[in-house]
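Trainee:
Residue numbers (my numbering): 1083 to 1255.
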């Protein structure tokens, strides 16, 4: 008889022992069991909040590709933010497109993290297209993030984008 791994995953997650939970999930897959959507959602949320390596999160999600886009809105927002901040902009955009197909709301922090990630990667075409999308959804960063993004745009010599951001921030603040 196999133990109920989902209950163990949930119990360990509640103790905030993230590394043990990841090892337990690996054992689940070795035994041929699947993680429940609720346990996966809680685990991904915990992993995004922790300082754990992004490869660990990616490895987990690769094992359950059908569940990835079924995670809840809050978890997916945190996942896009984590991927964007760690430089995995391509994965962040893939998750974001899944969110949009489900008509989920994107947090301001999610837009900001992706914009920062695109700017950091030097992807002007991606930044420009995402900027247009974000602006049609009435996104503006908070003042602190706006200053940082403005500075990055100027350093990259993307002056049109920097000026547009500056004008939008000036009108807002």
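Heads up, the beta-carbon is just placed ideally off N, CA and C, and yes, glycines get one too.
As a quick exercise: from 1105, 1162, 1240 and 1190, pick the residue whose alpha carbon is nearest that of residue 1204.
Mentor: Walking along the chain shown from the start, residue 1204 turns up at place 122. When only C-alpha atoms are compared, the closest one is 1240.
Trainee: For residue 1023, tell me which candidate among 1167, 1161, 1169 and 1168 has the shortest Cα-Cα distance.
Mentor: With the chain covering 1083 to 1255 only, the question about residue 1023 has no answer from this structure.
Trainee: Is the Cβ-Cβ distance between residue 1129 and residue 1146 less than 9 angstroms?
Mentor: Numbered from its first residue, the chain shown carries residue 1129 at position 47. Numbered from its first residue, the chain shown carries residue 1146 at position 64. No, they are not a contact pair.
Trainee: For residue 1146, which of helix, strand or coil comes out of DSSP?
Mentor: Against the chain shown, residue 1146 aligns to sequence position 64. In this structure, residue 1146 counts as coil in the three-state DSSP scheme.
Trainee: Are there 16 or more other CB atoms within 10 angstroms of the CB of residue 1218, so buried, or fewer, so exposed?
Mentor: Taking the first residue of the chain shown as 1, we reach residue 1218 at position 136. The residue is exposed, with fewer than 16 neighbouring Cβ atoms inside 10 Å.
Trainee: Can you tell me whether DSSP reads residue 1191 as helix, strand or coil?
Mentor: As a working mapping, residue 1191 is identified with position 109 in the chain shown. In this structure, residue 1191 counts as helix in the three-state DSSP scheme.
Trainee: Could you please give the first and the last residue of the uninterrupted alpha helix (DSSP H) stretch that includes residue 1167?
Mentor: On the chain shown, position 85 is the one that residue 1167 refers to. It spans 1155-1167 - the alpha helix (DSSP H) in which residue 1167 sits, taken as one unbroken run.
Trainee: In the DSSP assignment, find the alpha helix (DSSP H) that holds residue 1219 and state where it starts and stops.
Mentor: For this step, residue 1219 is matched to residue 137 along the chain shown. No alpha helix (DSSP H) contains residue 1219, which DSSP labels as neither H nor E.
Trainee: Who are the near neighbours of residue 1254 in its chain, counting only those whose CB is closer than 8 angstroms to its CB and skipping five residues on each side?
Mentor: In the chain shown, the residue the question calls residue 1254 occupies position 172. Closer than 8 angstroms at Cβ, skipping near neighbours: 1222.
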